[in-house]
Amino acid sequence: MATEALPDGAVLMTPAGVIETFNGAAQRLLGLSGDDHGENLGVLIRHPDLAALINGELEEDLIEIAAPNDEDRRLEIRRIAVEADRILILARDVTQLNRLLTMRQDFIANVSHELRTPLTVIMGYLEATEDPSLDPATLRELLGKLLSPAQRMRALVDDLLLLTRLESSPALDPDQIGEVNVPNLVQRIVDDASQLSDGRHRINVNVDTQLRLRGVESELHSAFGNLVANAVRYSPEGGDIDVRWYHTDAGARFEVEDHGVGIQPEHLSRITERFYRIDLAGSRVRGGTGLGLSIVKHVLKRHDSGLAVRSEFGRGSRFYCVFPPQFSLPVSR
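The C-terminal residue of the sequence shown carries number 557 in my numbering, and the numbering is unbroken.
Laid out in structure tokens, this is it:
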């Protein structure tokens, strides 16, 4: 059959639905076998929409049904009249496409929801400033309250732009790769985290001052910074946060350990999903965008690493990653 090389399933049959020939993809997608030549497709696959399609009873010669041999797979079936006495049925697996469309719809809905709250707050304050009886001090106070929701919106937009760039370009640009002074980078991140903590936590730093990394510094700053900031956000006042950077036989290892709320086992596999929050309201109060760990995942993947988590609910968590030897610069001793 001329369509053998097609990824789509192709079935050539009579107008009555009697199968004359089909390609290998049709066997895989529709569950056909060599014994099905001469059989009626509508009898082999009993589905009212498929029967209507074969008989030409639909306004549009296109349907979507579950695969007969796999209920979790979705097939787009198209009917094409190729000759007066021949019909071509094309079957295409659209499972992944549907999944991507659903993800896009969810993503748009999540972004809209995340932006709506700070926008509502901003609009409320702006409407309040229209009161002509407000004295200058009260007006300044209202305008000052616009800063926090505006900063939250900017953080969300910045994270969205970064995540979009990371997802659209899974490989590192060689021109951007350079030597990263990780001890210096960690110190800057800890300084920022100390401001976020405002004295509520003890941040302990233990780094190998000679250990460097090959990579994109801005991306690593974002990944490491998100891990440390999360430890601050989810640790109780007075808690310890340990930040470590050291050499192992497997490569350079960065880890952040806290003694905070911990993560329940059922959530661990989903924490790097976009906008996945265990404590939705609490996360917003703490200042998270819901994108931080997703950014971490993609940055580490681009550096041939991955995020690992050990957590005990109510006791704390340890987030860590190991960079393979090709990214770790030799340790000077």
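Ideal Cβ positions, reconstructed from N, Cα and C, are used throughout, including at glycine.
| Item | Value |
| --- | --- |
| For V456, I'd like the list of residues in its chain whose CB is within less than 7 Å of its CB, leaving aside the five on either flank, ordered along the chain. | A417, L420, S421, H425 and I465 |
| Evaluate the contact criterion for the segment 533 to 545 versus the segment 465 to 485: three or more CB pairs, one atom per stretch, below 8 Å. | yes |
| Which one of E490, G514 and L517 has the shortest CA to CA distance from F537? | E490 |
| Classify E443: buried if its beta carbon has 16 or more other beta carbons within 10 angstroms, exposed otherwise. | buried |
| Helix, strand or coil for E536 per DSSP? | strand |
| Can you look up V318 in the DSSP assignment and give me helix, strand or coil? | coil |
| Flag this pair as yes or no: are the beta carbons of N334 and F448 separated by less than 8 Å? | no |
| Taking the straight line between their C-alpha atoms, what separation do you get for D458 and T319? | It should be pointed out that residue 458 corresponds to Tyr in this sequence rather than to Asp. Answer to the nearest angstrom: the Cα atoms are 38 Å apart. |
| Between the Cα of N454 and those of K369, G241 and G486, spot the shortest distance and give me the residue it belongs to. | G486 |
| For T496, is the classification buried or exposed, using 16 other Cβ atoms within 10 angstroms of its Cβ as the cut-off for buried? | buried |
| Taking 8 Å as the cut-off, decide whether the C-beta atoms of D415 and W469 are in contact. | no |
| Quick one: what's F499 bridged to in DSSP? | Its beta-bridge partners do not exist; DSSP assigns none. |
| Comparing alpha-carbon positions, which option in R328, G514 and L236 lies nearest A379? | G514 |
| When the Cα atoms are used, what is the spatial distance from D232 to L371? | 54 Å |
| In whole angstroms, give me the CA-to-CA distance for E300 and L553. | 51 Å |
| For A240, which of A308, R323, L524 and L254 has the nearest alpha-carbon? | A308 |
| Using the Cα positions of E403 and L437, report the straight-line distance between them to the nearest angstrom. | 6 Å |
| N247: buried (16+ other C-beta within 10 angstroms of its C-beta) or exposed? | buried |
| Thinking C-alpha only, which one of N430, E461, R303 and I401 is nearest I287? | R303 |
| With burial defined as no fewer than 16 other Cβ atoms inside 10 Å of the residue's Cβ, what is the status of D306: buried or exposed? | Per the sequence shown, residue 306 should be read as Val rather than Asp. So V306 ends up on the exposed side. |
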